[in-house]
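Asker: In the UniProt record's numbering, the protein residues as written are 1 to 50.
Glycine included, every Cβ here is placed at the ideal spot set by N, Cα and C.
All figures in this text were calculated on a predicted structure; none of them were measured in a lab.
This is the structure I have questions about; it appears just below.
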């Protein structure tokens, strides 16, 4: 399962990593919020977008 994680978080992401391939982007890395177009591009083949 491919998971794209863009939400702000304060903790461990290991539970997500156990579910499948985890890609961390945007706010989760302290970057600016992603635009709708960027989210669509990142999530086009993901099963879960957080």
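Compute the beta-carbon to beta-carbon distance between residue 13 and residue 4, rounded to the nearest angstrom, for a pair I have assumed lies under 8 Å.
Answerer: Mapped onto the chain shown, residue 13 falls at position 13. Mapped onto the chain shown, residue 4 falls at position 4. Actually they do not touch by this definition, with Cβ atoms about 12 Å apart.
Asker: In this structure, how does DSSP classify residue 49 when only helix, strand and coil are distinguished?
Answerer: Taking the chain shown and counting its residues from 1, the one referred to as residue 49 is at position 49. Strand, per DSSP.
Asker: Which residue's Cα is closest to the Cα of residue 50: 18, 11 and 28?
Answerer: Sequence index remark: in the chain shown, residue 50 carries index 50 (1-based). When each option's Cα is compared against that of residue 50, the closest is 28.
Asker: Let me make sure I understand the geometry here. Which of 22, 37, 35 and 30 has the alpha-carbon closest to that of residue 10?
Answerer: Residue numbering aside, residue 10 sits at position 10 when the chain shown is read from its first letter. Out of 22, 37, 35 and 30, 30 has the C-alpha closest to the C-alpha of residue 10.
Asker: Compare the C-alpha of residue 18 against each of 2, 7, 33 and 26 and name the closest.
Answerer: Position 18 of the chain shown, counted from the first residue, corresponds to residue 18. Closest option to residue 18, Cα to Cα, is 2.
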